[in-house]
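Numbering (this note's numbering), first residue to last: 111 to 378.
Given below as structure tokens:
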């Protein structure tokens, strides 16, 4: 118990520090991201070491509840330093009230990104609610033909019991166990082509219980990665998580229609 309490205190202190830092960055992410013109393939190849980054699919970042794209500043920088060239952060409205509607909007964004970059598939990194929206798109709207790997950070895949006083908000009710969208994600998903990597922390005080952030579905190719020593807000900014996310994205294309048993891993 003393060791658990000490770890919780350290994680809480880190959460407060992350919250303070994010409060400073938040205004920079309110406006949508500018869409620069894509550089010609020859120019991209010249800007990179030989063989690095040119064939990687775009990575799309999707933030959580009442947040914006600024939460991914450090993670984006980490991927860019290691050769990822197509990195885009999407804002969904703070007034979003329905996961299904947000997933339909994500569908349109992904189609636009694929048309603009010339890639047929993308990877998605979603924090909290963002991961749930992305999973609904993949699993229920046919987005698995566009999404190669979906990485989720502290996403309530099985629902969360936190924030009972916020139950007046429709989007919060949809993040609870037993809600319509959560139950739809339990339905069969044969042949799903997307690979899932779900990061969860035993010190996450937003996802209750913490294991609800794991993907548990017999039809999905999923790996659940346990993170120790940090809480919910630190997941998108912690260097160890960033390294594990890079590793999760830097994999070969899954076989068409492949599925497999849910696996597990850990990040200290």
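Heads up, the beta-carbon is just placed ideally off N, CA and C, and yes, glycines get one too.
- Residue 308: member of the beta strand (DSSP E) spanning 305 to 311, first to last residue.
- The beta strand (DSSP E) runs of length 3 or more contained entirely in the stretch 243 to 330 are, from start to end of the chain, 257 to 263, 305 to 311.
- Check the Cα spacing between residue 324 and each of 303, 231, 301, 296: the tightest is with 296.
- Burial state of residue 332 is buried, judged by a 10 Å Cβ sphere holding 16 or more other Cβ atoms.
- Taking C-beta atoms as the reference points, residue 272 and residue 318 count as a pair closer than 7 Å.
- For residue 180, no alpha helix (DSSP H) run applies, since DSSP gives it neither H nor E.
- The Cβ atoms of residue 200 and residue 172 lie closer than 7 Å to each other.
- Between the stretch 220 to 229 and the stretch 294 to 308 there are fewer than three C-beta pairs closer than 8 Å, too few to call the two in contact.
- Counting along the chain, residue 360 sits inside no beta strand (DSSP E), nor does DSSP assign it H or E at all.
- Remark: C-beta atoms of residue 185 and residue 300 do not approach each other more closely than 7 Å.
- Counted as a single uninterrupted DSSP element, the alpha helix (DSSP H) harbouring residue 214 occupies residues 209 to 227.
- Contact between the stretch 339 to 356 and the stretch 245 to 253 is absent: fewer than 3 CB-CB pairs across the two stretches fall below 8 Å.
- Contact between residue 355 and residue 235 holds, with the beta-carbon distance rounding to 6 Å and staying under 8 Å.
- Sixteen is the threshold: since fewer than 16 other Cβ atoms of the shown chains lie within 10 Å of the Cβ of residue 357, the residue is exposed.
- Note that the C-beta distance between residue 306 and residue 330 is below 7 Å.
- Put simply, of 230, 269, 212, 270 the residue whose alpha carbon is nearest the alpha carbon of residue 251 is 212.
- Taking all protein chains shown into account, residue 143 has fewer than 16 neighbouring C-beta atoms within 10 Å of its C-beta and is therefore exposed.
- A distance below 6 Å between beta-carbons, with the five flanking residues on each side excluded, links residue 352 to the following residues of its chain, in chain order: 185, 188.
- Counting of Cβ neighbours within 10 angstroms places residue 168 among the buried residues, the total reaching 16 or more.
- In the DSSP assignment, residue 199 falls within the beta strand (DSSP E) that extends over 197 to 200.
- Non-local C-beta neighbours of residue 122 in its own chain, meaning closer than 8 Å and more than five positions away in sequence, comprise 341, ordered along the chain.
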